[in-house]
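In the numbering used here, the protein residues as written are 504 to 634.
This is the structure we're talking about:
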């Protein structure tokens, strides 16, 4: 796929990059907390909230593009990744609240390391064009 064709992707760009960076920063913060035997803190909760808002915005952009007539290269996988993106931060927050030990911080770290991979896969499934 050419650079010009992928430039119009609704899941590429500043918002996707911001979600990846935010997720990695939060993963680092959570890793430090887990290594220091600290439970999930307010920074992790607020970070997950901000991450969720950013991912909802990214999902909204993608859905608007689909409603507007654009099409993902692999629609089934694309929508699966969209659902996963929206659910993971909330799931991390719930599990971290249920586990108020260092392992709660480890859960947040693990989810925040998975999210950038899901964002990149979302971008890849959008860019795939017929075979």
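By construction, the Cβ of each residue, glycine as well, lies at the ideal position given by its N, Cα and C atoms.
With respect to residue 628, residue 580 sits close: the two C-beta atoms are nearer than 8 angstroms. With a contact defined as Cβ atoms closer than 8 angstroms, residue 595 and residue 561 miss out at about 17 angstroms. If you compare the alpha carbons of 516, 569, 574, 588 with that of residue 526, the shortest gap goes to 588.
For residue 608, the enclosing alpha helix (DSSP H) covers residues 605 to 630. When the five nearest sequence neighbours on each side are left out, the beta carbons in the same chain lying within less than 7 angstroms of the beta carbon of residue 593 are those of 555, in order along the chain. By the neighbour-count definition (other C-beta atoms within 10 Å, threshold 16), residue 612 is a buried residue. Around the beta carbon of residue 590, fewer than 16 other beta carbons sit within 10 angstroms, so the residue counts as exposed. Cβ contact annotation for residue 604 (same chain, cutoff 7 angstroms, sequence separation greater than five): 542, in chain order.
If you compare the alpha carbons of 575, 606, 584 with that of residue 622, the shortest gap goes to 584. Between residue 553 and residue 615, the CB-CB gap reaches or exceeds 8 angstroms.
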